[in-house]
Amino acid sequence: MLVCRDFARLLSETLDHPLEPPQRMRVRFHVVLCGPCRRYGAQISALSALLRAMESRPGFAGPAGPLVELSPEARARILAAIAAATPPAADPETRSDQK
Amino acid sequence: MVKPQSLSVPMEPASGADALDASQWLSEHGNALLAYASARLTDREVAEDLVQETFVAAWAARNSFKGDSQARTWLIGILRHKLSDHFRRQAREPITSPLPEDPAFDGQFDARGHWRAAPKAWAPDAGTLLENHEFWEVFHQCMANLPEIQGRAFAVRELNQTPATEACQVLQVTPTNLWQLLSRARSRLRRCLEVKWFCNKE
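Respectively, the protein sequence lines represent chains G and F. Numbering of the first sequence is given in my numbering, commencing with residue 1067 and proceeding in unit increments. Numbering of the second sequence is given in my numbering, commencing with residue 7 and proceeding in unit increments.
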């Protein structure tokens, strides 16, 4: 007989890998009989679904939302890093082997 | 990391057009990438570093990118790899032994394994949560409160949606340990959100 602590653990596992059939049966059986675990399971699954929904929208900022902005310093640093990593290749005559 | 003199690297005339594009690119996608990275990390500086690495890598590979409409998706794809690399670096040593108890998880249950306090009903606003930035703010706080390894496991598996087998490699843990870390992390987050969000409103 599964207790609530084991249920909480196994329910989480169902989100990561398929359980063995006997375990799956015990989880199903427990949730029918136990109101608190039914609620727990629904909440854990809802959170997981929410994160999957977030992840499937590539442009969506997610946690931290629109409050996050690159500082001018960070911008300058990134542009400098790009410039430093880009060889000045446009004009072959100015090209030299200084490296 | 970047030396001061590299700030004065001449961007024109040789790479004038490129420099303009890089700057425009950064304006268009920089904040979104930073938000994406910050959501998955607790350290803002690390997030900025990874965004920088992403732009440098993307810029070097820009010829392989086709089609303007999906620039954001392409950049996020690169950033996801950078995040995985970062999490991989953080896992310095493989963890193969069983994990110690987590009092926050086990403390929810009495000696017989029953709930001490049953989970409370949540206000039914789950449908609109995705758009609610205050919620994500609270979520991020709760995530930052997780023990380090749990937070990392959760970020790799749930936020980066890394398949479980690959997540074990990134985190250098056994499958058993990963399941345990995740069940603890989910449980702590659920509890934290219950207190700080779902049951925190009149």
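Heads up, the beta-carbon is just placed ideally off N, CA and C, and yes, glycines get one too. Just so you know, these numbers come straight off a predicted model, no measurement behind them.
With a threshold of 8 angstroms on Cβ separation, who are the neighbours of residue i within its own chain once the five nearest residues in sequence on each side are excluded?
| i | result |
| --- | --- |
| Asp-1157/G | Confidence in Asp-1157/G is poor, its pLDDT being 49 and thus under 50, which makes the residue's placement unreliable; the coordinate value appears in the next sentence. For Asp-1157/G, where only same-chain residues beyond five positions count, there are no Cβ hits under 8 angstroms. |
| Gly-157/F | Thr-48, Met-149, Ala-150 and Ala-191 |
| Gly-1131/G | Residue confidence is low: Gly-1131/G scores 48 on pLDDT, short of 50, so the model does not pin down where it sits. Its coordinate-derived value is still stated next. Answer for Gly-1131/G: no residue qualifies. |
| Gln-30/F | none |
| Glu-200/F | Pro-125, Lys-126 and Trp-128 |
| Ser-1114/G | Leu-1081 |
| Thr-168/F | Ser-90, Val-162 and Val-176 |
| Gln-114/F | Trp-121, Arg-122, Ala-123, Ser-193 and Arg-197 |
Give the range of the alpha helix (DSSP H) segment to which residue i is assigned.
| i | result |
| --- | --- |
| Glu-1086/G | First-last for Glu-1086/G: undefined, no H or E at that position. |
| Glu-1121/G | 1101-1121 |
| Phe-141/F | 139-150 |
| Gly-157/F | 154-160 |
| Glu-54/F | 50-66 |
| His-120/F | Neither: His-120/F is in no alpha helix (DSSP H) and is coded neither H nor E. |
| Cys-198/F | 181-199 |
| Val-176/F | 170-177 |
| Pro-1153/G | Where Pro-1153/G is concerned, there is no enclosing alpha helix (DSSP H), given that its DSSP letter is neither H nor E. |
| Leu-85/F | 77-96 |
| Asp-112/F | 109-112 |
If I measure Cβ to Cβ from residue i and keep anything under 7 angstroms in the same chain, skipping five residues before and after, which residues do I get?
| i | result |
| --- | --- |
| Trp-65/F | Ala-28 |
| Ile-1110/G | Leu-1077 and Ser-1078 |
| Leu-165/F | Ala-45 and Arg-46 |
| Ala-63/F | Ile-84 |
| Gly-22/F | Reliability fails at Gly-22/F, whose pLDDT of 48 lies under 50, so the model's placement of it is uncertain and the value that follows must be treated cautiously. Counting only Cβ-Cβ distances below 7 angstroms, and skipping sequence neighbours, we find nothing. |
| Asn-183/F | Ile-101 and Leu-105 |
| Tyr-42/F | Ile-82 and Leu-85 |
| Gly-1107/G | Leu-1077 and Val-1097 |
| Lys-72/F | none |
| Trp-155/F | Going by the sequence as given, residue 155/F is Ile instead of Trp. The answer, listed in chain order, is Leu-187. |
| Pro-1153/G | none |
Between the options, which lies nearest to residue i when the distance is taken from Cα to Cα?
| i | options | result |
| --- | --- | --- |
| Phe-1073/G | Cys-1100/G, Arg-1118/G and Asp-1082/G | Cys-1100/G |
| Cys-1070/G | Ala-127/F, Ala-123/F, Ile-101/F and Tyr-42/F | Ala-123/F |
| Leu-81/F | Thr-60/F, Ser-90/F and Lys-72/F | Thr-60/F |
| Ser-33/F | Val-57/F, Ser-44/F, Glu-51/F and Arg-50/F | Val-57/F |
| Glu-54/F | Asn-69/F, Lys-88/F and Ser-103/F | Lys-88/F |
| Asp-112/F | Trp-142/F, Gln-167/F, Val-179/F and Arg-197/F | Arg-197/F |
| Val-1134/G | Glu-164/F, Glu-51/F and Leu-165/F | Glu-51/F |
| Ala-1119/G | Phe-115/F, Thr-180/F, Asn-206/F and Glu-137/F | Glu-137/F |
| Leu-188/F | Phe-141/F, Trp-121/F, Asn-206/F and Leu-105/F | Leu-105/F |
| Asn-37/F | Ala-1112/G, Ile-1144/G, Ala-1151/G and Ala-1108/G | Ile-1144/G |
| Phe-141/F | Asn-69/F, His-120/F and Cys-205/F | Cys-205/F |
| Ala-1151/G | Arg-98/F, Glu-107/F and Ala-67/F | Ala-67/F |
| Arg-1075/G | Ser-103/F, Glu-107/F, Gln-76/F and Glu-99/F | Glu-107/F |
Pull up the CB-CB distance for residue i and residue j, whole angstroms please, since I reckon it's below 8 angstroms.
| i | j | result |
| --- | --- | --- |
| Arg-1092/G | Leu-1068/G | 5 angstroms |
| Leu-177/F | Ala-159/F | 6 angstroms |
| Leu-1136/G | Leu-40/F | 5 angstroms |
| Ala-173/F | His-1083/G | Rounded, the Cβ-Cβ distance is 11 angstroms, inconsistent with contact. |
| Arg-46/F | Ala-161/F | 5 angstroms |
| His-35/F | Arg-78/F | 6 angstroms |
| Ala-110/F | Arg-194/F | 5 angstroms |
| Val-1097/G | Arg-1090/G | Going by Cβ atoms, the distance from Val-1097/G to Arg-1090/G rounds to 11 angstroms, so no, they are not a contact pair. |
| Pro-1102/G | Trp-185/F | 22 angstroms between Cβ atoms; not a contact. |
Here's a check: name, in chain order, each residue in its chain whose Cβ is nearer than 6 angstroms to the Cβ of residue i, leaving out the five neighbours to either side.
| i | result |
| --- | --- |
| Val-144/F | Lys-202 and Trp-203 |
| Val-179/F | Ile-101 |
Should residue i be counted as a contact of the ligand SAH given a C-beta to heavy atom distance under 8 angstroms?
| i | result |
| --- | --- |
| Ser-44/F | Looking at this structure, you won't find the ligand SAH or any other ligand, since it has none at all. |
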